[in-house]
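Structure first, then comments.
2 protein chains.
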Amino acid sequence: MIDSNVFKALADPTRRAVFEQLARKEKSVRDLAAELPVSQPAVSQHLAVLREAGLVAERRHGRFTYYRTAPDALASLAEWVDRYRVFWPERVEKLKEILKEMDE
Amino acid sequence: MIDSNVFKALADPTRRAVFEQLARKEKSVRDLAAELPVSQPAVSQHLAVLREAGLVAERRHGRFTYYRTAPDALASLAEWVDRYRVFWPERVEKLKEILKEMDE
DNA sequence: TTATTAGATAAGCAATGGCTTATTTATAGG
DNA sequence: CCTATAAATAAGCCATTGCTTATCTAATAA
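Going down the list, the protein sequences come from chains C and L. Per the working numbering, the first sequence starts with residue -8, numbered consecutively. Per the working numbering, the second sequence starts with residue -8, numbered consecutively.
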């Protein structure tokens, strides 16, 4: 059973932007705040929501806190989506091809 | 670029329950309202949100309106998730199991 | 026609969400 | 020590959300 918090966390565009950034590269709160059109406290609040949803993890180093996407961040979401691929036959074939490629 | 409306629509547990029902079987508003702990207007409102997000489609027949999941309902969401799937190799095995179940 | 039923829409309400500025806590460096 | 900086937390504001009851529209059936 997927947690609503995952969908809620990703429903906000700013939060999704944060997640996408952190998927590419670990960043401090300050780094994120510098890129986004919102204040540092707003970023901290967004990070708290993402952390609560299990989407990001933190690492403290001195005064800095570095965030990154959590391992298996999207596991539950991916599983939920996969359940409905059954109603979507054309995509299943494509997916099988992708999996085959991943094996090679 | 995925639309926030998809995440927002699925962030509500009642709405997710509606979507999951409609993925299995076409149902009238009344059918849905009978199964859920909310009023008929609430169900209509939820359906409007799901429709707005492109997740469900309707078919009118007399006084009844039957809803079902839209074709390709989760296309954009699946695409978004797939972009991050490469970071989680363990997930691929579970996905294969799901696909195997679907074949049987 | 008239009454009934399916569903959408309107209006109002309490709770939540995303933002701000102000403050607090913790670490670093003079 | 004292000051500066990184980040979290507090408090308040306004918009949005999910629900309710009441109403409206349209289609069926008496």
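For every residue, glycine included, the Cβ atom is placed at its ideal position computed from N, Cα and C. Since we're looking at a predicted model, the values are computed, not measured.
Closest Cα partner of R59(C) within the set D3(C), L23(C), P28(C) = L23(C)
Measure the C-alpha to C-alpha separation of L27(C) and D3(L) and round it to an integer number of angstroms.
-> 27 Å
Give the DSSP-derived three-state secondary structure of S19(C) in the structure shown.
-> strand
What is the DSSP secondary structure of A64(L), counted as helix, strand or coil?
-> coil
Identify whether L29(C) lies in helix, strand or coil by the three-state DSSP scheme.
-> Strictly speaking, residue 29(C) in this sequence is Val, with Leu absent from that position. Coil, per DSSP.
For chain L, is any of its Cβ atoms less than 9 Å away from the one on K16(C)?
-> no
Within 9 Å (strictly less), CB to CB, does V29(C) reach chain L?
-> no
Measuring only between beta-carbons, confirm whether L41(L) sits less than 9 Å from chain C.
-> no
Extent of the continuous alpha helix (DSSP H) run through A48(L) | Segment 47 to 52 is the beta strand (DSSP E) holding A48(L); no alpha helix (DSSP H) there.
Sequence-distant residues of its chain with Cβ nearer than 7 Å to A0(C) (five each side left out) = R6, V40, L41, A44, L46
Within chain C, the residues that S(-5)(L) reaches when beta carbons sit closer than 9 Å = L1, A2, D3, P4, R7
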